[in-house]
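Structure record follows, encoded as structure tokens.
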Ligand SMILES: Cc1cc2nc3c(=O)[nH]c(=O)nc-3n(C[C@H](O)[C@H](O)[C@H](O)COP(=O)(O)OP(=O)(O)OC[C@H]3O[C@@H](n4cnc5c(N)ncnc54)[C@H](O)[C@@H]3O)c2cc1C
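Numbering (my numbering), first residue to last: 1 to 399.
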């Protein structure tokens with residue numbers, strides 16, 4: 001009897017979403033190749049991340065060990081005022097982690113020969129039950145399924161659904177990490193195992209202890225991670241942040257080493273003007289803060305023939321709910337299960353779309369609610385009320 005042909009999936013994007021999908025499908029017998037446009041290692045790009053129990057569950061399902069001991073336990077949320085005094089508290093246990101800590105084990109457990117770097121997709125063609133991807137260098141690859149895990153500015157989505165695009169929310173998030181050993185003992189005691197908020201008008205900052213380089217969770221080897229949302233308004237201010245010293249405009253994200261010194265100096269000065277002194281001091285000592293513009297993306301379709309959108313290419317929920325990686329993990333598991341349980345690929349994709357559209361819309365709405373103050377300020381709504389510290393702590397804990 002002739003051996004049955006293995007089904008083949010082309011995964012575009014080798015970040016957390018792509019790797020999660022690739023692992024899940026390989027375990028179910030698929031022949032999977034990842035095409036990642038970056039030529040270098042992605043591992044160093046990451047900052048801290050909040051985690052959700054679902055993420056641990058999905059990782060364990062593909063035999064990647066991940067539990068609370070791999071992160072930093074956060075016991076309490078506090079809000080500091082502009083003098084550095086704690087003005088609100090909320091007891092809530094969570095575990096912070098680092099992007100590296102999720103990416104690295106996924107990458108190490110995936111065969112090198114099936115993870116192709118420097119492979120940028122530029123075109124997609126479909127004929128009936130097959131899909132062909134063309135890379136920038138002319139290479140063409142055909143499979144039964146193409147998974148677009150190529151992020152918020154997805155090339156695949158742009159080719160198949162050009163009318164759907166992320167919507168800028170009017171503000172940016174500055175992020176940075178500083179070594180645990182570079183905190184003063186007082187800062188460490190007050191902030192490291194807490195999620196510390198500060199809520200100046202039109203801004204929201206939070207910070208927490210996270211694992212260190214290569215996901216190292218050992219005391220003394222960890223890092224403090226902060227994220228500071230600031231209204232950036234319309235395109236002019238945003239363009240300034242994302243323009244490097246040579247005058248090149250990088251759009252809505254910029255490699256950290258290219259952020260201009262004068263932009264960083266302004267951020268540090270701004271922190272000293274509005275934030276709690278402890279937080280401003282940490283920002284002042286952070287080597288290379290970097291910005292990301294904040295977007296929403298939602299849509300009704302995730303499947304276009306034999307192409308499935310997954311992770312940030314499908315939905316972007318603003319980072320207030322810290323669930324981008326978890327959502328990508330749940331997308332990957334849902335897709336793999338659907339393909340496993342439905343013998344017909346098209347029927348499986350339809351099921352995947354049904355499941356994930358509903359979930360995606362719900363988290364986008366939740367994240368928008370948490371960012372409503374910032375968005376209203378960006379829109380110049382002078383009647384926007386101050387952020388209430390108790391409410392913010394409670395609502396973020398429910399995210
Ligand atoms: C400010 C901020 C804070 C965040 N905080 C958190 C948090 O605390 N917790 C959390 O869970 N998530 C957080 N996220 C979200 C999280 O980073 C993403 O949701 C997560 O990385 C899943 O992304 P992805 O794999 O779908 O896409 P990405 O990580 O964007 O990866 C897309 C990959 O595709 C590659 N690619 C792009 N185009 C092509 C192409 N044409 N051909 C080949 N490859 C291509 C890219 O190089 C990249 O490697 C945050 C995001 C931001 C902006």
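Cβ coordinates follow ideal geometry from the N, Cα and C atoms, glycine included.
Near ligand 1: residue i beta-carbon under 6 Å from a heavy atom
i	result
residue 121	yes
residue 266	no
residue 164	no
residue 325	yes
residue 94	no
residue 16	yes
residue 132	no
residue 12	yes
residue 37	yes
residue 319	yes
residue 400	Nothing can be reported for residue 400: it is not among the residues displayed for the chain, which extend from 1 to 399.
residue 400	Outside the displayed span of the chain (1 to 399) sits residue 400, for which this structure offers no information.
residue 312	yes
residue 328	yes
residue 151	yes
residue 74	no
residue 49	yes
residue 155	yes
residue 172	no
residue 348	no
residue 148	no
residue 161	no
Euclidean distance between Cα positions of residue i and residue j
i	j	result
residue 344	residue 129	11 Å
residue 292	residue 152	12 Å
residue 245	residue 275	27 Å
residue 312	residue 65	24 Å
residue 170	residue 341	42 Å
residue 268	residue 83	17 Å
residue 207	residue 59	25 Å
residue 368	residue 361	11 Å
residue 217	residue 69	7 Å
residue 33	residue 331	18 Å
residue 73	residue 51	11 Å
residue 321	residue 172	15 Å
residue 222	residue 16	21 Å
residue 127	residue 156	16 Å
residue 395	residue 159	37 Å
residue 104	residue 254	22 Å
residue 289	residue 204	16 Å
residue 374	residue 231	6 Å
residue 398	residue 125	42 Å
residue 191	residue 209	8 Å
residue 364	residue 199	22 Å
Residue interval of the beta strand (DSSP E) (run including residue i)
i	result
residue 221	From DSSP, residue 221 is part of no beta strand (DSSP E); its letter is neither H nor E.
residue 92	86-98
residue 291	290-296
residue 155	It is not in any beta strand (DSSP E) - residue 155 instead sits in the alpha helix (DSSP H) that spans 155-160.
residue 35	31-35
residue 274	No beta strand (DSSP E) holds residue 274; the alpha helix (DSSP H) holding it covers 261-274.
residue 127	121-127
residue 140	140-143
residue 173	167-179
residue 164	Element bounds for residue 164: n/a, residue is neither H nor E.
residue 279	It is not in any beta strand (DSSP E) - residue 279 instead sits in the alpha helix (DSSP H) that spans 277-285.
residue 206	203-210
Coil, strand or helix - residue i by DSSP
i	result
residue 1	Reliability of the predicted coordinates at residue 1 is poor, the pLDDT of 49 falling under 50, and the value obtained from them is presented with this limitation in mind. Residue state, collapsed to three classes: coil.
residue 384	coil
residue 195	strand
residue 368	helix
residue 316	strand
residue 73	strand
residue 253	strand
residue 243	strand
residue 341	helix
residue 66	coil
residue 230	strand
residue 40	coil
residue 348	helix
residue 9	strand
residue 379	coil
Host alpha helix (DSSP H) of residue i (start-end)
i	result
residue 132	Per DSSP, residue 132 belongs to no alpha helix (DSSP H); it is in the beta strand (DSSP E), 130-135.
residue 16	16-27
residue 398	389-398
residue 49	Segment 48-50 is the beta strand (DSSP E) holding residue 49; no alpha helix (DSSP H) there.
residue 61	53-61
residue 322	Note, residue 322: premise wrong, no alpha helix (DSSP H); not H, not E.
Neighbour flag for residue i against chain B, beta carbons, 7 Å
i	result
residue 350	Note that chain B does not occur in the displayed structure, where there is just one protein chain.
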